[in-house]
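Chemist:
Numbering (our numbering), first residue to last: 317 to 453.
Listed below in C-alpha cells is the structure:
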C-alpha cells in the first residue's frame, strides 16, 4: 500500500452556501452538488480544472458515516492545518488583500518555497505552498 496524493478535505459548517462560495472564489473552483443520495442542501463539492474534488463542504444537518462533533471556531481541532500545493503566489496575495483576509507569509529559501497561511470562515487553518516561486536576487 502507498499514498498517491491527498484526496480531498471535508469541512462541516453551519453556512453551507457561504463556505462553498468562499472556497470557490478564493481558489477558482467549480461548485457541484454532492453525489446522490446526498441532497444539495447537505453537500457541495468543489472541483479543480482537472475535475478532482478538492473540498467537500457539508452542512451540519447532513448524516455522517462517521459522526463526531465539529464545532466551528478558531481551532482546527487535532488537525493543525490543511496544506495545498499552489501556483501564482503574487496573485493570491492580491486576492486575499482584495477580500480583506488576514494572512501570514513565510519563506523557506532552502527548498525554494513560499507559503501563505490564513483561516477560512469556519476556523480551518490553510497553508498554501508555492514551490519554485522565490524571488530571484
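All residues carry an ideal CB built from backbone N, CA and C; glycine is no exception. All figures in this text were calculated on a predicted structure; none of them were measured in a lab.
Using the C-alpha atoms, what's the distance from residue 452 back to residue 350?
Modeler: C-alpha separation (whole angstroms): 43 Å.
Chemist: Please report the residue range of the beta strand (DSSP E) in which residue 414 lies.
Modeler: From DSSP, residue 414 is part of no beta strand (DSSP E) but of the alpha helix (DSSP H) over 405 to 414.
Chemist: Do you know whose CA, among 348, 328, 398, 338, lies nearest residue 382's CA?
Modeler: When each option's Cα is compared against that of residue 382, the closest is 328.
Chemist: Hey, residue 334 and residue 388: beta-carbon distance below 8 Å or not?
Modeler: Cβ distance not < 8 Å, so residue 334 and residue 388 don't count as in contact.
Chemist: Three-state secondary structure (DSSP) at residue 337?
Modeler: Reduced to three states, the DSSP call for residue 337 is helix.
Chemist: Tell me, please, whether the region 334 to 347 touches the region 357 to 377 by the rule of three or more beta-carbon pairs shorter than 8 Å.
Modeler: The region 334 to 347 is in contact with the region 357 to 377.
Chemist: Does the distance between the C-beta of residue 369 and the nearest non-hydrogen atom of the ligand SAH fall short of 7 Å?
Modeler: This structure lacks the ligand SAH, and indeed carries no ligand of any kind.
Chemist: State the DSSP-derived secondary structure class of residue 452, mapped to helix, strand or coil.
Modeler: Of the three classes helix, strand and coil, the one that applies to residue 452 here is coil, per DSSP.
Chemist: Which residue from 370, 369, 356 puts its Cα closest to that of residue 376?
Modeler: Closest option to residue 376, Cα to Cα, is 356.
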